[in-house]
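Trainee: The sequence shown maps to residues 1101 to 1406 in this note's numbering. Backbone N, C-alpha and C define an ideal beta-carbon position, used for all residues, glycine too.
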Amino acid sequence: MAAVTALAVLRRPMMRWPQWACAGPARFCAAERSILRLSVRSGTVCRPSRRCSSTAEAAAAKAEDDSFLQWLLLLIPATAFGLGTWQVQRRKWKLKLIAELESRVMAEPIPLPADPMELKNLEYRPVKVKGHFDHSKELYMMPRTMVDPVREARDAARLSSTESGAYVVTPFHCSDSGVTILVNRGFVPRKKVNPETRQKGQVPGEVDLVGIVRLAETRKPFVPENSPEKNHWHYRDLEAMAKITGADPIFIDADFKSTSPGGPVGGQTRVTLRNEHMQYIITWYGLCAATSYLWFQKFARRTPRV
């Protein structure tokens, strides 16, 4: 009897299973349709939010780019200001160098040192020597224009400061030290390069001479090579000049007092250095001011969008 009761109890849910199985899918389908309906409704609601998000991201990216561009463009006036300040310092250095060179040139002349190595620290210093010229071994540095630091030089020679000519470099045998040096006697116009046209200027005998020490120079860009076979020298190559004339590689510019009637005009030492730093200062500071104003108008004063 108990077994029959238990069997009946067990069969009761089994008999109800088909009803539950049939009802379950219907309920599941209804729930699924509700979920899908909600998903569709949610999709229609989410689409605008995605567009809003994209717009916000684009605006944020644009704002970030504008900020980067703003600080990048600020480098232009900052760099111009730095270069202008650097030119101020360069101008101070150049003026100091010019003053130092002028003070050297105006110093009292000293005897020519016996040791040529000492001359490396004496460029633009006046030295005094005594001896005689060897006019048979003249060298010509050309083309040159006359340096006119003293107005009397132009008046005495009656030459235009822009007239082309040459510097006459002549070996000079020093009687006190026994060495032979090279002396730039000065400027002659092209028509008087030939020594036969200026015989009165070929100083004979022993003379006292004051000159400015000059060192060798390297060939600058666009300057032609020296032509020893034509006796045309475009820059001071002391070793080559000394080898041809048999002199020592010592070079001085004779002062203006060495000028003789009909001969080369002395005092041809150029001590003026190129000094264009002031115009560079004006250029860089002007660029800094202009770009700073444009930057301020573009970024600092722009009105924010509502």
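Taking all protein chains shown into account, decide if F1322 is buried (16 or more other Cβ within 10 angstroms of its Cβ) or exposed.
Mentor: Exposed, by the Cβ-count rule.
Trainee: Which residues in the same chain as R1370 place their Cβ atom closer than 8 Å to its Cβ, once the five residues preceding and following it in sequence are excluded?
Mentor: V1247.
Trainee: What separation, rounded to the nearest whole angstrom, lies between the Cα atoms of T1391 and N1284?
Mentor: Those two C-alpha atoms are separated by around 52 Å.
Trainee: Just confirm the distance between the C-beta atoms of G1047 and P1289, as a whole number of angstroms; I'd bet it's less than 8 Å.
Mentor: Past the boundaries of the shown model lies residue 1047; the chain is included only from 1101 to 1406, so the question cannot be answered.
Trainee: Helix or strand or just coil, what does DSSP make of R1285?
Mentor: Three-state result, R1285: strand.
Trainee: Going by DSSP in three states, F1399 sits in which element: helix, strand or coil?
Mentor: If DSSP states are grouped into helix, strand and coil, F1399 belongs with the helices.
Trainee: Going by beta carbon distance, what residues of the same chain come within less than 6 Å of S1360, once the five residues before and after it are set aside?
Mentor: Answer for S1360: G1301, V1303, listed in chain order.
Trainee: Can you give the Cα-Cα distance for F1272 and K1343, rounded to whole angstroms?
Mentor: Taking the straight line joining both Cα atoms gives about 14 Å.
Trainee: Going by CA-CA distance only, name the one from S1275, G1278, D1276, Y1267 that's closest to K1291.
Mentor: Among S1275, G1278, D1276, Y1267, the Cα nearest to that of K1291 is on Y1267.
Trainee: Using DSSP with H/G/I as helix, E/B as strand and the rest coil, what is V1140?
Mentor: Because the pLDDT of V1140 is 43, which lies under 50, any placement of that residue in the model is unreliable, and the question is left without a value.
Trainee: Between A1400, L1195, I1352, M1341, which has its C-alpha nearest P1209's C-alpha?
Mentor: The shortest Cα separation from P1209 among A1400, L1195, I1352, M1341 belongs to I1352.
Trainee: Would you mind sorting F1396 into buried or exposed? The rule is 16 or more other CB atoms within 10 Å of its CB.
Mentor: Looking at its Cβ environment, which holds fewer than 16 other Cβ atoms inside 10 Å, F1396 is exposed.
Trainee: Starting from T1179, trace the beta strand (DSSP E) both ways and give me its first and last residue.
Mentor: From DSSP, T1179 is part of no beta strand (DSSP E) but of the alpha helix (DSSP H) over 1175 to 1205.
Trainee: I need the straight-line Cα distance from V1307 to H1235, nearest angstrom please.
Mentor: Rounded to the nearest angstrom, the two C-alpha atoms are 14 Å apart.
Trainee: As a quick exercise: from A1316, V1205, P1328, pick the residue whose alpha carbon is nearest that of R1336.
Mentor: The shortest Cα separation from R1336 among A1316, V1205, P1328 belongs to A1316.
Trainee: Counting only the same chain and skipping the five closest in sequence on each side, list residues whose C-beta sits under 6 Å from that of L1222.
Mentor: Correct list, in chain order: V1313.
Trainee: Kindly indicate which three-state DSSP category T1319 falls into: helix, strand or coil?
Mentor: Here residue 1319 is Arg; the residue named in the question, Thr, does not match the sequence. Here R1319 sits in coil by DSSP.
Trainee: Would L1219 be called buried (16 or more neighbouring beta carbons within 10 Å of its own) or exposed?
Mentor: L1219 comes out buried.
Trainee: Indicate the three-state DSSP secondary structure (helix, strand or coil) for A1354 in the structure shown.
Mentor: A1354: strand per DSSP, three-state reduction.
Trainee: Could you tell me whether the segment 1377 to 1390 touches the segment 1236 to 1245, using the rule of 3 or more Cβ pairs below 8 Å?
Mentor: Because the criterion of three Cβ pairs below 8 Å is not met, the segment 1377 to 1390 and the segment 1236 to 1245 do not touch.
Trainee: Quick check on DSSP: helix, strand or coil for R1298?
Mentor: It is helical.
Trainee: Start and end of the alpha helix (DSSP H) containing L1338?
Mentor: Counting along the chain, the alpha helix (DSSP H) containing L1338 begins and ends at 1338 to 1345.
Trainee: Helix, strand or coil, according to DSSP, for A1266 in the structure here?
Mentor: The answer is strand: DSSP assigns A1266 an E or B state.
Trainee: Could you compute how far the alpha carbon of M1206 sits from the alpha carbon of K1398?
Mentor: C-alpha separation (whole angstroms): 56 Å.
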